[in-house]
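Numbering (my numbering), first residue to last: 14 to 168.
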């Protein structure tokens, strides 16, 4: 029997193909290297870039009750990959992070290398929908705060 959280992840994957994202230009302006560094200073108490409030406590809360160990996960809107680094270290998961901004993907890849997690973390620049996700290729899909970049949210 699938958990409620898993069904929410599946719903998000279906929903993500019908969303209109903010333009790449808008996101590049909002998430320029200077802004990324400021957000990282504000939110990351670790050595790997967390870009949103709550830190690792929020990540643990998001996955409470979900068995993650050895799962293959996709992170939609991965940012600098801080969430992925935390999950890979704590739960021994394999994660593919997707983000529309190449400079953000480059930073996530650097962080994975610095943390010796290149075998567990893969990052792909995905500026267009639908995302390149094959059916049944992941056990879990999640997104932490990336929906705020959807310019239009269909009901």
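Ideal Cβ positions, reconstructed from N, Cα and C, are used throughout, including at glycine.
Proximity to residue i [Cα-Cα], best of the options
{"i": "residue 68", "options": "127, 94, 143", "result": "94"}
{"i": "residue 159", "options": "104, 116, 110", "result": "110"}
{"i": "residue 99", "options": "138, 143, 146, 72", "result": "72"}
{"i": "residue 91", "options": "139, 147, 36", "result": "139"}
{"i": "residue 46", "options": "104, 78, 119", "result": "119"}
{"i": "residue 43", "options": "97, 77, 122, 113", "result": "113"}
Proximity below 9 Å, CB of residue i to CB of residue j
{"i": "residue 108", "j": "residue 70", "result": "no"}
{"i": "residue 97", "j": "residue 126", "result": "no"}
{"i": "residue 143", "j": "residue 137", "result": "no"}
{"i": "residue 130", "j": "residue 103", "result": "no"}
Those residues which DSSP pairs with residue i across a bridge
{"i": "residue 2", "result": "Here the chain comprises residues numbered 14 to 168, so residue 2 is not present and cannot be evaluated."}
{"i": "residue 76", "result": "Residue 76 pairs with nothing; no bridge assigned."}
{"i": "residue 154", "result": "87"}
Supposed close pair residue i, residue j - CB separation, criterion 8 Å
{"i": "residue 75", "j": "residue 157", "result": "7 Å"}
Under 8 Å: do the segment 151 to 158 and the segment 64 to 84 share three or more Cβ pairs, one atom per stretch? A contact exists between the segment 151 to 158 and the segment 64 to 84.
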